[in-house]
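The opening position of the sequence shown corresponds to residue 217 in the working numbering, with each subsequent residue numbered one higher.
Yeah, the Cβ is synthetic: ideal placement off N, Cα and C, and Gly gets one too.
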Amino acid sequence: MAPKNLPQETIDHVISYLHDDKYSLSSTSLVRRSWTSQSRRHLFSSVSVKAYVASFESFLQFVKDNVDGSKFSPPVHTVIRTLHLSGPTVAGNLHGGLPIITVAFVAELCSILKKLKTLKFTTVQFGDPGIAEGNSSEYLQGLLDTQQTLTLDTF
Numbered sequence: 217m218a219p220k221n222l223p224q225e226t227i228d229h230v231i232s233y234l235h236d237d238k239y240s241l242s243s244t245s246l247v248r249r250s251w252t253s254q255s256r257r258h259l260f261s262s263v264s265v266k267a268y269v270a271s272f273e274s275f276l277q278f279v280k281d282n283v284d285g286s287k288f289s290p291p292v293h294t295v296i297r298t299l300h301l302s303g304p305t306v307a308g309n310l311h312g313g314l315p316i317i318t319v320a321f322v323a324e325l326c327s328i329l330k331k332l333k334t335l336k337f338t339t340v341q342f343g344d345p346g347i348a349e350g351n352s353s354e355y356l357q358g359l360l361d362t363q364q365t366l367t368l369d370t371f
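In structure tokens:
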């Protein structure tokens with residue numbers, strides 16, 4: 217049983233040592249309510265989403281549904297720093313083709329994920345001419361909040 221009189225700062229500091237250990241962070245998030253927030257900050261700082269269908273809309277809807285923080289605390293959109301969106305890696309898994317990334321999707325995603333620093337795309341199809349051209353990074357950077365910086369990697 218965890219001591220009840222440890223200062224929250226001490227607990228947070230101990231949990232921060234586990235930042236690379238997803239299993240331990242998952243466990244600590246269940247120990248006590250006071251441990252949950254810091255554990256989730258580390259658990260959700262880097263998120264990978266693989267789409268086996270032609271869009272990432274369900275992920276976007278999940279993030280939008282949690283903006284008020286009623287389902288998760290802290291709200292997921294406040295802790296995601298790195299997001300990797302990837303499509304199927306095997307040609308046989310193309311149910312409906314590669315996921316399509318549009319300017320509207322990226323703009324909405326970035327408007328919700330204010331702390332996002334790195335956005336990676338793998339095995340996706342860009343659905344807008346501005347993105348499909350070679351200047352995709354500059355084109356998407358223009359969509360972001362002026363306080364937001366973003367590294368864009370496409371593979």
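Roughly how many angstroms separate the alpha carbons of residue i and residue j, rounded to a whole number?
i	j	result
D284	P291	7 Å
D228	Q277	30 Å
T338	P315	10 Å
I317	T226	42 Å
S195	S232	Past the boundaries of the shown model lies residue 195; the chain is included only from 217 to 371, so the question cannot be answered.
L234	S255	9 Å
V340	F260	22 Å
K336	N221	42 Å
V230	F342	42 Å
L241	H258	7 Å
R248	E273	33 Å
T294	S271	23 Å
A320	P223	44 Å
Relative to the C-alpha of residue i, which candidate in the options has its C-alpha closest?
i	options	result
K280	S262, T338 and L325	L325
V263	F272, L299 and P304	L299
A377	G343, P304 and R257	This structure does not reach residue 377, given that the chain is present from 217 up to 371, and the question cannot be answered.
Within 8 Å of any Cβ in chain D, is that where the Cβ of residue i sits?
i	result
S274	Absence of chain D from the displayed structure is noted, only one protein chain being present.
If you reduce the DSSP assignment to three classes, tell me which class residue i lands in.
i	result
L389	No answer is possible for residue 389: it lies beyond the span of the chain, which begins at 217 and ends at 371.
L335	strand
Checklist entry - Of all the beta strand (DSSP E) runs that stay within the bounds of the stretch 254 to 331, which reach a length of 3 or more residues? => result 262 to 266 and 298 to 302
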